[in-house]
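> Numbering (the working numbering), first residue to last: 45 to 844.
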Amino acid sequence: QLADAILERLRYDVCKHPEAATDGDWFAATAHAVRDRLVPNWLDTVHAHERQDAKQVYYFSMEFLLGRALGNALLALDLEPAATEALTRLGVDPHAIEAYEPDPALGNGGLGRLAACFLDSMAAVGLPGIGYGIRYDYGMFRQGLQEGWQVEYPDYWLRTGNPWEFRRPELTYHVRFGGTVQSSGGRALWCDTEDVLAVAYDTPVPGWNSRVVNTLRLWSAESTEPIELHLFNRGEYAAAVSVKNTAENISRVLYPDDSTPQGEELRLRQEYFFVSASLQDILRRFSRVHRDWSRLADLAAVHLNDTHPALAVPELMRLLVDEHDMAWEEAWEITGKVISYTNHTLMPEALETWPMALVHRVLPRPAQIIESLNERFSRFAARRKLPGPVRERLALIDPHSQRARMGHLSVLASHRVNGVSAVHSDLVREKLFADFAALFPDRFCNVTNGVTPRRWLAEANPGLAQLVDSAIGPGWRADLGQLAGLREMASDAAFRQRFREVKAANKQQLADFIVQTTGIAVDPGSLFDVQIKRFHEYKRQLLNLLQVLARYRDIVEHPEHDHVPRTVIFAGKAASAYWMAKLIIKLVNDVAARVNNDPRVGDRLKVVFLADYGVSLAQRIIPAADLSEQISTAGTEASGTGNMKLALNGALTIGTEDGANIEIRDAVGAENIFIFGNSVNQVAELRADGYDPRSVHAADPRLQAVFAMLVGDALAPEEPERFRALHDALLEHGDHYQLLADFDAYLEAQQAVDRVWGDPEEWSRRALLNVAAMGPFSSDRAVRDYAATIWGVQPVLAPH
Ligand code: 26Q
């Protein structure tokens, strides 16, 4: 049946004969055939939501890091075996077809991927949830390497067409920019604006085995003006399209920056563009059924994925007050009930602020509303008799820099503010927003992140999924807590043997991929040690490299010792303007070149950098990992989600007491994880007491040797100063992320890793106990928490 459907789609949607069809044509035909099977459930879901007039979640996010859709849709529909059989029967290679699909990378990293996991989970558990975001023409840049340096290439993911999206030209909204605000009869009139059109594109979000198909609605910017023919006719081609291009540039490209906002005007336009269109869409949907705006919060929960959509606060106020004639106080009350906010970072440089002068120029009416909120809140703080410094710290607009603090605005407008792990939420309450927490103590809560077991176990690791099925049945896909049933299997020697066979097969596949893509031959029997995440100083890939260099030296100087063979795998992108992060990538590659080509090392150590990390590459690496590196400075990684995916796939974690590592330790037991280094409090104390990395260096000969390699001619004989900046950041400029403070503990933890690895029975026992303990880290649990404690929404009955 499916084969016939694919042939029919090939004929009518792609317009090709099977003999002439390319892999791309077969992919398109297969995607259309699968999509046809989603459509009835999709229409039914939308209809059920309308009929039941259910409260909906609107998840506002600048980023959705979706990954490929075909395998996910096949899994949700339980069509994977059928598709493989059908394609094979048609004489095409299912893997080639799957690999043809461009990986939609409309996000930077953890925050964007979390949004994608939440969409998957809301559909799986039947929550009515719509994702709202931007349909970027260009996603996250593709990463290449030139002589070990990162180079960036544009990611034009739409080049071959996108079979999953439906353009909805009837859903087009005007989004206003510029102009002036006049007041007439006490009302604000925002006039002479330069409008941009927001056009909706809908993508289905299939729920696993739930018959629910939710919607991701992304906005594309279009011009209100066609090209200017009179200019074109005069030969002024660039001028003829300049207005049109300026408008369309809004949805042109994802800002490729993880955690360092740069305050660009185009970014501000992007943020306003998508929240305005989304809110107009939500109010339109509401007003088709309801007239009484005071009921808005009974039907709509708007969630802000970090502050990037924080302009939803003034925009909802503007729509209610200016366009729907509501009194300010009532509008404010409704706004507070509708909006909630998740914070994803504590790092001061990552907190968004906008110069009010810029906001006034680009968005004069929202700027006035922010000013007005600021004044009202400041009067409120005065009535509370708060001391001056506290009032300054609370102000929505920093009185010194005249910048709007988007975190403050989000906290003030939200009925709930959450962090993404227990320790992070504590710090949000006690440090980042302590003044707000004193005023609104009930507002702050925690929802620890989670990951979808469908993509991250069932799809990525079919071998392990099958093994788990054989022990506890298939129910874990919808109820990850059932993995607890694997605990007893950890003491079953035959089961451990089968687990090791699955892992070995996955490692062999990754080893094949590594040799194909990098030319490096790695031993699939070695310990696969992986650190895969964005490159950032706080994540401390450099600490890992210092350890690798110490290990290298040890192998060379003590060839007689037993050295556990390791393959150290790195993958991740650096923000384009983040020089230090790029230098660390170069260092990975220089260390790799040195270590991999040193005949004294042999198979005992290999270092690999896999380029262009993204969802698809993660799906390859994670199932093959033995050791998961989660080594951020305590207090810097809000949660981490890669840590969960790796443990779920049977890797042991080496990590600090940071983010969700702490909860992972509590779940798996301290004896089944390698936790090391200073705690959040110790890091803070050390910083307060005057941390001196040089004295650590002076006391540790291993560190001295490693730093000598860093700037000697060991790595870059042609340019021995290449890594001076890294050397100096640690030894001359205070080692902000305290790598040296944790170095000794890290090496000790790595030695413990080597010892346990030497006992394969013990290693696989612990690995299985990790898998068994991952139940709480499902994003199904996370979205249910949000639904119950933040959104106040219930699952809608599955459509029939
Ligand atoms: C902001 C303004 C301008 C340009 C870029 C940005 C920007 C973009 C992305 C700022 C931050 C981000 C992404 C942040 C992020 O991914 N944070 C991660 O969120 C995960 C999900 O909660 C956590 O698990 C990670 O710990 C956290 O680092």
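Cβ coordinates follow ideal geometry from the N, Cα and C atoms, glycine included.
Provide the residue(s) that pair with Arg220 in DSSP beta bridges, ordered along the chain.
In the sequence shown, the residue the question calls residue 220 occupies position 176. Here Arg220 is bridged, per DSSP, to Asp239.
> Let me check understanding here. Comparing Cα to Cα, which of Glu308, Leu202, Val566, Ser267 lies closest to Gly68?
By 1-based counting over the sequence shown, the position of residue 68 is 24. The option with the nearest alpha carbon to Gly68 is Leu202.
> Please state whether DSSP places Cys59 in a helix, a strand or coil.
What you label residue 59 is simply residue 15 of the sequence shown in a count that begins at 1. In this structure, Cys59 counts as coil in the three-state DSSP scheme.
> For Ala149, count the other beta carbons within 10 Å of its own beta carbon; 16 or more makes it buried, fewer makes it exposed. Which is it?
As a position in the sequence shown, residue 149 is number 105, starting the count at 1. Ala149 should be labelled buried.
> Which parts of the stretch 475-520 are runs of the alpha helix (DSSP H), unbroken and 4 residues or longer, counting only runs that do not cross its ends?
Fully enclosed alpha helix (DSSP H) runs of 4 or longer: 478-483, 506-516.
> Measure the alpha-carbon distance for Ala291 versus Ser454 and round it to whole angstroms.
Translated into the one-based positions of the sequence shown, residue 291 becomes position 247. Translated into the one-based positions of the sequence shown, residue 454 becomes position 410. Each residue's alpha carbon lies about 27 Å from the other.
> From the DSSP output, in three-state form, read off Lys617 for me.
Within the sequence shown, residue 617 is the residue found at index 573, counting from 1. Looking at Lys617 - three-state DSSP - the assignment turns out to be coil, as it is neither helix nor strand.
> Can you check whether the CB of Arg540 is closer than 8 Å to the CB of Leu812?
By one-based count along the sequence shown, residue 812 stands at place 768. By one-based count along the sequence shown, residue 540 stands at place 496. Yes. Within cutoff.
> Determine the extent of the alpha helix (DSSP H) in which His452 is found, giving its start and end residues.
To locate residue 452, count along the sequence shown from 1; it is residue 408. Taken as a continuous stretch (DSSP letters only), the alpha helix (DSSP H) holding His452 covers 450-457.
> Below 8 Å CB to CB, which residues in the same chain sit around Phe918 once its five sequence neighbours on both sides are set aside?
Absent from the structure is residue 918, since the part of the chain shown begins at 45 and ends at 844.
> Which value, in whole angstroms, describes the spacing of the CA atoms of Phe614 and Ile564?
For this step, residue 614 is matched to residue 570 along the sequence shown. For this step, residue 564 is matched to residue 520 along the sequence shown. Per the coordinates, the alpha-carbon of Phe614 lies some 13 Å from the alpha-carbon of Ile564.
> Considering only residues of the same chain and omitting the five flanking positions on each side of Ala528, which have a CB-CB separation below 8 Å?
Within the sequence shown, numbered from 1, the residue matching residue 528 stands at position 484. Answer for Ala528: Ala816, Ala817, Gly819, listed in chain order.
> State yes or no: is the C-beta of Ser683 nearer than 7 Å to some heavy atom of ligand 1?
Reading the sequence shown from its first residue, position 639 is the one you call residue 683. True, at least one ligand heavy atom lies under 7 Å from that Cβ.
> Less than 8 Å between the beta carbons of Tyr790 and Phe720, yes or no?
Looking up residue 790 in the sequence shown gives position 746. Looking up residue 720 in the sequence shown gives position 676. Between Tyr790 and Phe720, the gap from beta carbon to beta carbon is short of 8 Å.
> What residues in its chain sit with their C-beta under 8 Å from that of Arg437, if we drop five residues either side in the sequence?
Start at 1 with the first residue of the sequence shown, and residue 437 comes out as number 393. Closer than 8 Å at Cβ, skipping near neighbours: Asp479.
> Ligand 1 heavy atoms versus the CB of Arg595: any closer than 7 Å?
Counting from 1 along the sequence shown, the entry for residue 595 is found at position 551. Every heavy atom of ligand 1 is 7 Å or more from the Cβ of Arg595, so no.
> Taking the C-alpha atoms as reference points, what is the distance between Val346 and Val382?
Translated into positions along the sequence shown, residue 346 becomes position 302. Translated into positions along the sequence shown, residue 382 becomes position 338. Straight-line measurement puts the Cα of Val382 at about 6 Å from the Cα of Val346.
> From this set, Arg449, Leu587, Pro603, Gln663, which residue's C-alpha is nearest Ile628's C-alpha?
As a first step, residue 628 must be located in the sequence shown, where it is residue number 584. Taking only the C-alpha atoms, the option nearest Ile628 is Leu587.
> Ignoring anything shorter than 4 residues or poking outside the stretch 665-749, list the alpha helix (DSSP H) runs there in chain order.
Restricted to the stretch 665-749, the alpha helix (DSSP H) segments that are unbroken, complete and at least 4 residues in length are 686-692, 705-712, 724-732, 737-743, listed in chain order.
> Shortest alpha-carbon distance to Leu131 belongs to which of Asp702, Gln190, Ala75?
Reading the sequence shown from its first residue, position 87 is the one you call residue 131. The option with the nearest alpha carbon to Leu131 is Ala75.
> Could you give the first and the last residue of the continuous alpha helix (DSSP H) run that contains Gln553?
In the sequence shown, the residue the question calls residue 553 occupies position 509. From DSSP, the alpha helix (DSSP H) with Gln553 extends over 537-562.
> For Val724, which residues in the same chain have their Cβ closer than 6 Å to its Cβ, ignoring the five residues on either side in sequence?
Here the question's residue 724 lines up with position 680 in the sequence shown. Excluding its 5 nearest sequence neighbours in each direction, Val724 has C-beta neighbours in its own chain below 6 Å: Ala678, Gly679, listed in chain order.
> Hey, Tyr582 and Ser676 are a contact pair by Cβ (cut 8 Å); roughly how many whole angstroms apart?
Taking the first residue of the sequence shown as 1, we reach residue 582 at position 538. Taking the first residue of the sequence shown as 1, we reach residue 676 at position 632. Tyr582 to Ser676, Cβ: 6 Å. Contact.
> Assuming Gly156 and Phe108 make a contact with CB atoms under 8 Å, what is their CB distance in whole Å?
One-based indexing of the sequence shown puts residue 156 at position 112. One-based indexing of the sequence shown puts residue 108 at position 64. At roughly 6 Å, the Cβ-Cβ gap stays under 8 Å, so Gly156 and Phe108 are in contact.
> So, for Leu841: in the same chain, excluding its five sequence neighbours on each side, which residues have a beta-carbon less than 8 Å away from its beta-carbon?
Sequence index remark: in the sequence shown, residue 841 carries index 797 (1-based). Counting only Cβ-Cβ distances below 8 Å, and skipping sequence neighbours, we find Ala92, Gln96, Gly170.
> Rounded to the nearest angstrom, what separates His771 and Leu571 at their Cα positions?
By 1-based counting over the sequence shown, the position of residue 771 is 727. By 1-based counting over the sequence shown, the position of residue 571 is 527. Cα-Cα distance, rounded: 28 Å.
> Taking the beta carbon of Arg79 as the centre, do at least 16 other beta carbons fall within 10 Å, making it buried, or is it exposed?
To locate residue 79, count along the sequence shown from 1; it is residue 35. Buried, since its Cβ has 16 or more Cβ neighbours within 10 Å.
> Are at least three pairs of beta-carbons, each pair with one atom in the stretch 639-655 and one in the stretch 584-598, less than 8 Å apart?
yes
> How big is the Cα-Cα spacing for Gln726 and Asp733?
Mapped onto the sequence shown, residue 726 falls at position 682. Mapped onto the sequence shown, residue 733 falls at position 689. When rounded, the distance between both Cα atoms is 10 Å.
> When you measure from the CB of Thr389 to every non-hydrogen atom of ligand 1, does any distance come out below 7 Å?
Indexing the sequence shown from 1 puts residue 389 at position 345. Yes, since a heavy atom of ligand 1 falls inside the 7 Å radius drawn around the Cβ of Thr389.
> Are the stretch 682-697 and the stretch 664-672 in contact at 8 Å, needing three or more beta carbon pairs?
yes
> So, helix, strand or coil for Trp234, using DSSP?
Walking along the sequence shown from the start, residue 234 turns up at place 190. Strand at Trp234.
> For Pro497 and Ser823, I'd like the C-alpha separation in whole angstroms.
Working through the sequence shown from its first residue, we reach residue 497 at position 453. Working through the sequence shown from its first residue, we reach residue 823 at position 779. About 8 Å.
> If I'm right that Met166 touches Asn253 with Cβ under 8 Å, what's the distance once you round it to whole angstroms?
Walking along the sequence shown from the start, residue 166 turns up at place 122. Walking along the sequence shown from the start, residue 253 turns up at place 209. Contact annotation, Met166 with Asn253: C-beta distance approximately 14 Å; criterion of less than 8 Å not satisfied.
> Short of 6 Å in beta carbon distance, which residues of its chain neighbour His452, apart from the five on each side in sequence? Order them along the chain.
As a working mapping, residue 452 is identified with position 408 in the sequence shown. Once the five neighbours on either side are set aside, the close Cβ partners of His452 are Leu440.
> Contact between the stretch 401-421 and the stretch 352-367 is defined here as three or more beta-carbon pairs at a separation below 8 Å; is this criterion met?
In short, these stretches touch, since the Cβ pair count reaches three.
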